[in-house]
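Working notes for the structure below.
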Amino acid sequence: MSGMRKMLLVQQTPAPEVTRQKLRAVTNNSINEHILPLTVPPANRAVGKTKLHTWYNRFFKRTLDLAISIPVVVCILPPLCLVSKLAHMLQSPGPLLYRQVRCGKDEKPFTIVKFRTMSVPDQGVCEIQNASSRIFPLGNLMRATKIDEIPQFLNVLQGSMSVVGPRPHHFNDCAVFEEIVADYKQRTMATPGITGLAQYEEFRGQFEWNCTESRVANDLRYITEWTPASDITLIVQTGFVIFRNVAAAGLRRMLQPSKAPVLQVVNETDHAVAESNQRDYNNSYRKAA
Numbered sequence: 169m170s171g172m173r174k175m176l177l178v179q180q181t182p183a184p185e186v187t188r189q190k191l192r193a194v195t196n197n198s199i200n201e202h203i204l205p206l207t208v209p210p211a212n213r214a215v216g217k218t219k220l221h222t223w224y225n226r227f228f229k230r231t232l233d234l235a236i237s238i239p240v241v242v243c244i245l246p247p248l249c250l251v252s253k254l255a256h257m258l259q260s261p262g263p264l265l266y267r268q269v270r271c272g273k274d275e276k277p278f279t280i281v282k283f284r285t286m287s288v289p290d291q292g293v294c295e296i297q298n299a300s301s302r303i304f305p306l307g308n309l310m311r312a313t314k315i316d317e318i319p320q321f322l323n324v325l326q327g328s329m330s331v332v333g334p335r336p337h338h339f340n341d342c343a344v345f346e347e348i349v350a351d352y353k354q355r356t357m358a359t360p361g362i363t364g365l366a367q368y369e370e371f372r373g374q375f376e377w378n379c380t381e382s383r384v385a386n387d388l389r390y391i392t393e394w395t396p397a398s399d400i401t402l403i404v405q406t407g408f409v410i411f412r413n414v415a416a417a418g419l420r421r422m423l424q425p426s427k428a429p430v431l432q433v434v435n436e437t438d439h440a441v442a443e444s445n446q447r448d449y450n451n452s453y454r455k456a457a
């Protein structure tokens, strides 16, 4: 098995005309550190009636969703809306929320909401074009700490999402994934969630850094092996991960060394003089610091 080649689903940074994922073949010895190998074997993939389909377990799951989403929406979301709006006013004017239609339970469409973390594209420009370059600085912080996901508790309150479940994907992505993973549709048997087993196992984020087969395998394992304790465990574990991300982001910001401003070179003929002035400026900056 060590020499067997595995196929990982990878989406390159999309150009406007690119709409399909590509398969990249890698060996066990040449896997990029960001690309996750297939670690979850597809076992017992035929999903029938599970514990999630009984009325008392649905009642428990909905009660847990309301018990978490109501306090978040009432107590946590309003101040975060204020902070996010201030960030937008300072760095990226535009709407507070980002909305997108996603595939929900039983393939029914619903509108997911997040805090906007990217600048609004010009009219007529593809939404995914230059997406990474449009993320403003505080938007990067919101993504790293998962604060941008908090408005999805409105979806949970509405009933289109659950706190725990498979992540909802865009319909275009679903159409492509169905061609790659034969039983991909079975993950829509459960209500999509803010967090889930696949997310906690780090099969998440941009498609180019993920193995879709492993993501689907984890989602189906969550559905088939669901218990009330599994939801509570994933919620607690996700809370620890978010706390760790917030602490790490704050620590990096505190330890980030300040940099001396760079003097601009106005005339190319004065390049040597400018370099000398920059060195003198940097030395005086360090002494002053």
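So the sequence shown is numbered by the numbering used here: it starts at 169 and just counts up by one.
Ideal Cβ placement from N, Cα and C applies to all residues, glycine included.
CA nearest to the CA of residue i, picked from the options
i	options	result
Ser-301	Ser-260, Asn-386, Phe-228 and Ile-315	Ser-260
Ile-391	Val-332, Glu-381, Ser-287 and Phe-278	Val-332
Ser-398	Tyr-368, Gly-418, Val-414 and Ala-415	Tyr-368
Pro-360	Thr-313, Pro-277 and Phe-408	Pro-277
Ser-287	Lys-273, Gly-262 and Thr-401	Gly-262
Pro-336	Gln-268, Ala-235, Pro-289 and Arg-230	Gln-268
Asn-323	Gly-272, Ala-415 and Phe-408	Gly-272
Bridge-paired residues (DSSP) for residue i
i	result
Met-286	Ile-303
Gln-268	Ile-280
Gly-361	Ser-330
CB contact flag (residue i, residue j, <8 Å)
i	j	result
Gln-326	Ile-280	no
His-221	Arg-270	no
Pro-334	Ala-366	yes
Gln-354	Leu-309	no
Asp-233	Phe-283	no
Pro-396	Phe-228	yes
Ala-417	Ala-350	no
Between the CA atoms of residue j and residue i - distance to the nearest angstrom
i	j	result
Ile-403	Leu-245	18 Å
Ser-264	Thr-363	Note that residue 264 is Leu in the sequence shown, not Ser. Approximately 22 Å, taken between the alpha carbons.
Thr-285	Leu-306	8 Å
Val-242	Gln-424	35 Å
Thr-380	Ala-343	13 Å
Ser-330	Ser-237	9 Å
Ser-328	Ala-358	11 Å
Trp-394	Thr-356	15 Å
His-247	Pro-239	Going by the sequence as given, residue 247 is Pro instead of His. For Pro-247 and Pro-239, the distance between alpha carbons rounds to 13 Å.
Ile-348	Ser-382	12 Å
Thr-218	Asp-274	15 Å
Asn-225	Arg-421	44 Å
His-256	Thr-406	27 Å
Asp-341	Tyr-352	11 Å
Thr-401	Trp-223	21 Å
Ala-235	Phe-345	34 Å
Pro-289	Ile-318	23 Å
Nearest-angstrom beta carbon gap, residue j and residue i [assumed within contact, 8 Å]
i	j	result
Ile-410	Lys-314	5 Å
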